[in-house]
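Enquirer: Questions regarding the structure given below will be posed in turn.
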Amino acid sequence: MAANVETMFSVREKPWHGLGTIVAEAPDSQSALELAGLDWNVIQKNIITADGTEIEGFKANVRDRDDSVLGIVTDRYKVVQNSEAFAFTDALLGEGVRYETAGSLQGGRRTWMLARLPHQYIISGDEITPYLVFMNSHDGTGSIKVAMTPIRVVCQNTLNMALAKAKRSWSCNHTGDIDDKMEEARDTLLYANKYMSELGKEIDKMQQIKISDKKVYEYLDELFPISEGATYQQKKNILKMREDVKARYFDAPDLQHVGHNAYRFVNAISDFATHAKPLRERSNYKESLFARTVDGNPLIDRAYQMVMAA
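In the working numbering, the protein residues as written are 1 to 310.
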């Protein structure tokens, strides 16, 4: 990850791989912009070949701080500056919004911020805090994306499940009328309460679905299958993952007040997906984990859909 995280800050906790600035309290947008090292702009420059020929239809996105080229884009590409992203989030969440973390990845090509929404929710005895993630790219490879990410406070598990009746994310390309698209995002994500309300209903339903120990084992066999022709090491790794989730389901202190039900199972899967280190830790595994926080984690979604279909 050290090669991918360029600059960032984090509140109260050590940032990824020790990089970045640790602050005691969540800052406002201007302070967050500076602490995260995002107080720079992207300017678009014409592309000139070595013989002096201008390449029509394309521009280079260049960071003004150091003249580094972040990407080659078409001339239809509209830049959304880092300051505009923070201003958008300020406007969306209202006065007093505080940022928990923000930073830049891949030499400034991708940037993100994570803001805590002002409301706390108590759902089935659990305190759940909704966060808003804003992800942007400056290299032309990704869209602008905003997503709701509820966190179960006691163990910092993500509960960003794909719900049928409530939208949790919005994205758009860097083309067309960006202002209109940002307005659409504002109109959509102001209904964060709807997502949290639907999440609460689904959690209540999961609390009512009792699960036997035998069913837990069956679910784990389905979530972590051993394919025909798997090597000894592959079988060993899969069995290790199953045992890891079993321990989180049966023994986790934060789940002792929760009955043996679907909600407990989904939380065990979420705890595994959020916190377990991979068997082979690749250099970008933390970045991939953060991406699943933004986009949604397929393993959590599968577990949720599995227990609700029972």
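Just so it is clear, CB atoms sit at the ideal spot from N, CA and C, and this is done for glycine as well.
Here the structure is a predicted model, which means the values were calculated and not measured.
Taking His274 as part of the beta strand (DSSP E), name the residues at either end of that continuous run.
Expert: According to the sequence shown, residue 274 is Thr rather than His. Element bounds for Thr274: not the beta strand (DSSP E) but the alpha helix (DSSP H), Ala262 to His275.
Enquirer: Name the DSSP beta bridge partners of Trp112, please?
Expert: Gly103 and Met135
Enquirer: Once DSSP output is grouped into helix, strand and coil, what is the label at Gly125?
Expert: coil
Enquirer: Nearest by alpha-carbon distance to Gln106: which of Lys145, Arg63 and Leu299 is it?
Expert: Arg63
Enquirer: How would you call Glu127, buried or exposed, if buried means at least 16 neighbouring beta carbons within 10 angstroms?
Expert: exposed
Enquirer: Taking Cβ positions, are Val153 and Gln207 nearer each other than 9 angstroms?
Expert: The answer is no: Cβ separation not under 9 angstroms.
Enquirer: Is it right to say Pro118 is buried, meaning 16 or more other beta carbons lie within 10 angstroms of its own, or is it exposed?
Expert: Exposed, because fewer than 16 other Cβ atoms sit within 10 Å of the Cβ of Pro118.
Enquirer: Between Tyr217 and the rest of its own chain, which residues show a CB-CB distance below 7 angstroms, the 5 nearest in sequence each way excluded?
Expert: none
Enquirer: Please state the DSSP three-state secondary structure of Ala3.
Expert: Confidence at Ala3 is low in this model, with a pLDDT of 43, below 50, so its placement is unreliable and the value that follows should be read with caution. Note: Ala3 maps to coil in three-state DSSP.
Enquirer: State the DSSP-derived secondary structure class of Thr74, mapped to helix, strand or coil.
Expert: strand
Enquirer: Starting from the Cα of Asn41, find the closest Cα among Glu198, Ala192, Leu70 and Pro27 and give me that residue.
Expert: Leu70
Enquirer: Given Arg248, which residues of its chain have a CB within under 7 angstroms of its CB, disregarding the five upstream and five downstream residues?
Expert: Ala268, Asp271 and Phe272
Enquirer: Can you grab the Cα-Cα spacing for the pair Asn136 / Ile211, in whole Å?
Expert: 41 angstroms
Enquirer: Would you call the segment 34-50 and the segment 74-87 touching, i.e. three or more CB-CB distances under 8 angstroms?
Expert: yes
Enquirer: So, are the CB atoms of Lys194 and Met308 less than 9 angstroms apart?
Expert: no
Enquirer: Which residues does DSSP list as the beta-bridge partners of Cys172?
Expert: Ile144
Enquirer: Taking Cβ to Cβ, would you say Leu159 is nearer than 9 angstroms to Ala147?
Expert: With a cutoff of 9 angstroms on beta-carbon distance, Leu159 and Ala147 are scored as not near each other.
Enquirer: May I have the straight-line CA-CA distance separating Leu220 from Ala230, to the nearest angstrom?
Expert: 17 angstroms
Enquirer: Secondary structure at Met161, three-state DSSP: helix, strand or coil?
Expert: coil
Enquirer: Considering only DSSP beta bridges, list what Ala60 is partnered with.
Expert: Lys45 and Ile72
Enquirer: Can you give me the Cβ contacts of Arg65 inside the same chain, cut-off strictly under 6 angstroms, excluding the 5 residues immediately before and after it?
Expert: Correct list, in chain order: Trp40.
Enquirer: Can the beta-carbon of Cys172 be found less than 9 angstroms from the beta-carbon of Asp254?
Expert: no
Enquirer: Can you grab the Cα-Cα spacing for the pair Glu183 / Gly57, in whole Å?
Expert: 28 angstroms
Enquirer: Using the Cα positions of Tyr99 and Thr129, report the straight-line distance between them to the nearest angstrom.
Expert: Spanning the alpha carbons of Tyr99 and Thr129 requires a straight line of approximately 13 angstroms.
Enquirer: DSSP three-state label for Tyr210, please.
Expert: Before going on, a small fix: residue 210 reads as Lys here, not Tyr. Here Lys210 sits in strand by DSSP.
Enquirer: Can you list, in chain order, the residues of its chain whose CB lies under 8 angstroms from that of Gly140, leaving out five sequence neighbours each side?
Expert: Asn61, Gly71, Ile72, Val73, Thr74, Tyr77 and His174
Enquirer: Give the single residue among Ile238, Met241, Arg109 and Gly200 whose Cα lies nearest to the Cα of Tyr263.
Expert: Gly200
Enquirer: Got a sec, what are the start and stop residues for the alpha helix (DSSP H) Ile238 sits in?
Expert: Tyr232 to Asp251
Enquirer: Going by the beta-carbon positions, is the gap between Ile209 and Asn261 smaller than 9 angstroms?
Expert: A contact, by the Cβ cut-off of 9 angstroms.
Enquirer: Decide if Thr53 is buried, meaning its Cβ has at least 16 other Cβ atoms within 10 Å, or exposed.
Expert: exposed
Enquirer: DSSP three-state label for Thr149, please.
Expert: Here Thr149 sits in strand by DSSP.
Enquirer: Could you check the C-alpha separation between Ile123 and Glu202 for me, to the nearest Å?
Expert: 10 angstroms
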